[in-house]
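Written below as structure tokens is the structure these notes are about.
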Amino acid sequence: MLNCINNVLSNFLFYNKANVDQIRYVLNAGCSYSTQRGNFNLGEYAGEETNSAQKLSDFIRLYLFITMVVVVYLV
Numbered sequence: 042m043l044n045c046i047n048n049v050l051s052n053f054l055f056y057n058k059a060n061v062d063q064i065r066y067v068l069n070a071g072c073s074y075s076t077q078r079g080n081f082n083l084g085e086y087a088g089e090e091t092n093s094a095q096k097l098s099d100f101i102r103l104y105l106f107i108t109m110v111v112v113v114y115l116v
């Protein structure tokens with residue numbers, strides 16, 4: 042599944058701003074037989090490497106707000 046996402050959308054970001062490679066690393070480490078087994082906390086693995094891109098929902102909220110203002114103004 043992750044390969045499919047990575048092949049189609051090479052810059053895909055999950056809701057938590059992680060990219061496909063970071064998620065793959067966390068899943069591999071969490072499922073391994075090392076001391077990290079069962080630990081799927083991305084923050085502990087990624088450190089400062091998480092993406093700082095804005096969430097899509099922020100853009101949707103802004104769009105909806107502007108749309109509502111325009112509709113109220115026109116009515």
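Each residue of the sequence shown is one higher than the last, beginning at 42 in my numbering. Every residue, glycine too, gets a C-beta built ideally from N, C-alpha and C. Being a predicted model, the structure only gives us computed values, none of them experimental.
Residue range of the alpha helix (DSSP H) that includes TYR66: For TYR66, the uninterrupted alpha helix (DSSP H) segment begins and ends at 61-71.
C-alpha gap between PHE106 and VAL61, whole angstroms: Using only the alpha carbons, I get a separation of about 31 Å.
Cβ-based neighbour list, ALA70, same chain, cut-off 6 Å, excluding 5 preceding and 5 following: The residues are GLN77.
Assigned secondary structure, ARG78 (DSSP; H/G/I helix, E/B strand, else coil): Secondary structure at ARG78: coil, using DSSP grouped into helix, strand and coil.
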